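Novice: Residue numbers (full-length UniProt numbering): 1 to 306.
Note that beta-carbon positions come from the ideal geometry of N, C-alpha and C, so glycine has one too.
These numbers come from a predicted model, not from an experiment.
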Amino acid sequence: MGLSTNACRAWRAKVEVNMAKLAFIGLGVMGYPMAGHLARAGHQVCVYNRTAAKAVQWASEYAGSHAPTPREAAAGAEFVMVCVGNDDDLRGVVLGEQGAFAGMQPGAVLIDHTTASAEVARELAAYAAKQQVGFLDAPVSGGQAGAQNGALTIMVGGEAATYAKAEPIIQTYARMARLMGEAGSGQLTKMVNQICIAGLVQGLSEALHFAECAGLDAQGAMEVISKGAAQSWQLENRHKTMLAGEFEHGFAVDWMRKDLSILLAEARSNGAQLPVTALVDQFYADVQGMGGGRWDTSSLFARLRR
């Protein structure tokens, strides 16, 4: 019997990567399975989560360990992964007496998978350098399914030598990973990703809305145009659930608005003009007003249907 994709990935990781002592901080819908892939690959993983019960659950499921503070989780770890909500959450778990940096030894590497600002990435990279610790800002794309399947796209900022050291660890749960430049570049690339998604989902929502208003078989229309220039991941993977009014399949509107707020602030700083993205951000605010803050980003269609 052949090995599954995940089993093959774990086997390759065991062959190619020396087993390491790792810490993973933040066990949300992304972090929980990402940390699981590391444990399945044979690494020694200690986790920390603000809600301690989830850390206990993870440690039981994956035969790992858990710690009461980020500092204790990071103590002695060669690599520390972080995946939390925003800039403030990130500073809260890596800085201070009980933060991860306080437990890390010189030569260790902190890999931040949080989608945060480029500003905080540069700030933490400078702090890490003073501590003789490596730092990579490495936000991810691919959603919960990508995290569960070990098929995330990871955009990385930091020093080339640090990335080369960390890449085998990152590849444990990545389909694609690439160093984009100095600290902050990973976050800037994730902003590019979110700009694309905002426009694509709004365009798909309008296409479905138009098809329905025109009396067309909307699903049939999508099947036809998906074979031409309009094809996209969003069209292929979301049009059926959108037509069914199902919006529980991905990244939440509340989190998308957080990301759009960060990138629109960055655009004001660097002079980029993002009129469509700013408009879609307001459409997402309308979805929140409809009670859809926890719906996935394809719920822009619900706004048009109401």
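For the beta strand (DSSP E) containing Tyr173, list its first residue and its last residue.
Specialist: Start at 1 with the first residue of the sequence shown, and residue 173 comes out as number 173. From DSSP, Tyr173 is part of no beta strand (DSSP E); its letter is neither H nor E.
Novice: Check whether the region 165-185 and the region 209-223 are in contact - that is, three or more C-beta pairs closer than 8 Å.
Specialist: At 8 Å Cβ cutoff, the stretches do not touch.
Novice: Using DSSP with H/G/I as helix, E/B as strand and the rest coil, what is Leu22?
Specialist: Here the question's residue 22 lines up with position 22 in the sequence shown. DSSP places Leu22 in strand when its eight states are reduced to three.
Novice: Beta-carbon within less than 7 Å of Gly289's beta-carbon, same chain only, minus the 5 sequence neighbours each way: which residues are those?
Specialist: As a position in the sequence shown, residue 289 is number 289, starting the count at 1. None.
Novice: Between Lys258, Arg50 and Phe135, which has its C-alpha nearest Ala164's C-alpha?
Specialist: As a first step, residue 164 is located in the sequence shown; it is residue number 164 there, counting from the start. The shortest Cα separation from Ala164 among Lys258, Arg50 and Phe135 belongs to Phe135.
Novice: Is the distance from the Cβ of Val82 to the Cβ of Thr115 below 8 Å?
Specialist: Residue 82 sits at position 82 when you count from the first residue of the sequence shown. Residue 115 sits at position 115 when you count from the first residue of the sequence shown. No, the Cβ-Cβ distance between Val82 and Thr115 is not below 8 Å.
Novice: Quick one: what does DSSP say His113 is sitting in, helix, strand or coil?
Specialist: Your numbering for residue 113 matches position 113 in the sequence shown. Coil, per DSSP.
Novice: Pick out whichever of Ala67, Lys54, Ala102 and Leu124 has its Cα sitting closest to the Cα of Asp88.
Specialist: Your numbering for residue 88 matches position 88 in the sequence shown. Nearest C-alpha to Asp88: Leu124.
Novice: Exposed or buried, which one is Trp233 when buried takes at least 16 other CB atoms within 10 Å?
Specialist: Taking the sequence shown and counting its residues from 1, one reaches residue 233 at position 233. So Trp233 counts as exposed.
Novice: Does Ala35 come out as helix, strand or coil in the three-state DSSP assignment?
Specialist: Mapped onto the sequence shown, residue 35 falls at position 35. Helix, per DSSP.
Novice: Taking only the alpha-carbon atoms, compute the straight-line gap between Val224 and Ala108 and give it to the nearest angstrom.
Specialist: Counting from 1 along the sequence shown, the entry for residue 224 is found at position 224. Counting from 1 along the sequence shown, the entry for residue 108 is found at position 108. Computed Cα separation, rounded: 51 Å.
Novice: Taking only three categories from DSSP, how would you classify Met256?
Specialist: Position 256 of the sequence shown, counted from the start, is the residue given in the question as residue 256. The answer is helix: DSSP assigns Met256 an H, G or I state.
Novice: How many Å lie between Ala285 and His249 at the Cα?
Specialist: Taking the first residue of the sequence shown as 1, we reach residue 285 at position 285. Taking the first residue of the sequence shown as 1, we reach residue 249 at position 249. Straight-line Cα distance between these residues: approximately 19 Å.
Novice: Taking C-beta to C-beta, are Lys130 and Ala77 nearer than 8 Å?
Specialist: Reading the sequence shown from its first residue, position 130 is the one you call residue 130. Reading the sequence shown from its first residue, position 77 is the one you call residue 77. Cβ distance not < 8 Å, so Lys130 and Ala77 don't count as in contact.
Novice: By the three-class DSSP mapping on this structure, what secondary structure does Gln202 have?
Specialist: The residue given as residue 202 occupies position 202 in the sequence shown. Helix at Gln202.
Novice: When the Cα atoms are used, what is the spatial distance from Lys54 to Ile111?
Specialist: Translated into positions along the sequence shown, residue 54 becomes position 54. Translated into positions along the sequence shown, residue 111 becomes position 111. Going by the C-alpha atoms only, they are around 21 Å apart.
Novice: Go through its chain and collect everything with a Cβ distance to Lys14's Cβ below 8 Å, but skip five positions before and after it.
Specialist: Here the question's residue 14 lines up with position 14 in the sequence shown. Low per-residue confidence applies at Lys14: pLDDT is 40, beneath 50, and the placement is therefore not dependable, though the value from the model is reported in the following sentence. So the qualifying residues of the chain are Ala41 and Gly42.
Novice: Excluding sequence positions up to five away, which residues of its chain have a Cβ less than 7 Å from the Cβ of Gly31?
Specialist: Here the question's residue 31 lines up with position 31 in the sequence shown. So the qualifying residues of the chain are Phe24 and Cys83.
Novice: Would DSSP call Ser141 helix, strand or coil?
Specialist: The sequence position of residue 141 within the sequence shown is 141, counting from 1. Strand at Ser141.
Novice: List the whole-angstrom C-beta distance separating Leu260 from Ala198, where the pair is believed to meet the contact cut-off of C-beta under 8 Å.
Specialist: As a working note, residue 260 is residue 260 in the sequence shown. As a working note, residue 198 is residue 198 in the sequence shown. Contact holds; Cβ gap of about 7 Å.
Novice: Just grab the DSSP bridge partners of Tyr48 for me.
Specialist: On the sequence shown, position 48 is the one that residue 48 refers to. The partner list for Tyr48 (beta bridge, DSSP) reads Ile25.
Novice: Closer than 6 Å by C-beta to Leu188: which residues in its own chain qualify, once you throw out the five before and the five after it? Chain order, please.
Specialist: Locating residue 188 in the sequence shown gives position 188, where the first residue counts as 1. For Leu188, where only same-chain residues beyond five positions count, the Cβ hits under 6 Å are Ala118.
Novice: If you run the structure through DSSP and keep just helix, strand and coil, what is Ser65?
Specialist: By 1-based counting over the sequence shown, the position of residue 65 is 65. It is a strand residue.
Novice: Restricting to Cα atoms, I'd like to know which of Gly203, Val45, Met222 and Arg257 is closest to Tyr62.
Specialist: Translated into positions along the sequence shown, residue 62 becomes position 62. Of the listed residues, the one whose Cα sits closest to Tyr62 is Val45.
Novice: Note down, in chain order, each residue of its chain lying with its Cβ closer than 6 Å to the Cβ of Met34, except the 5 sequence neighbours on either side.
Specialist: Reading the sequence shown from its first residue, position 34 is the one you call residue 34. Counting only Cβ-Cβ distances below 6 Å, and skipping sequence neighbours, we find Ala147 and Tyr173.
Novice: So for Val80, helix, strand or coil by DSSP?
Specialist: Taking the sequence shown and counting its residues from 1, the one referred to as residue 80 is at position 80. Strand, per DSSP.
Novice: Considering only their Cβ atoms, is the gap separating Ala218 from Ile170 smaller than 8 Å?
Specialist: Locating residue 170 in the sequence shown gives position 170, where the first residue counts as 1. Locating residue 218 in the sequence shown gives position 218, where the first residue counts as 1. The answer is no: Cβ separation not under 8 Å.
Novice: Among residues of its own chain, excluding the 5 on either side of Ser65, which ones have a beta-carbon nearer than 7 Å to its beta-carbon?
Specialist: If you number the sequence shown from 1, residue 65 lands on position 65. Closer than 7 Å at Cβ, skipping near neighbours: Cys46 and Ala59.
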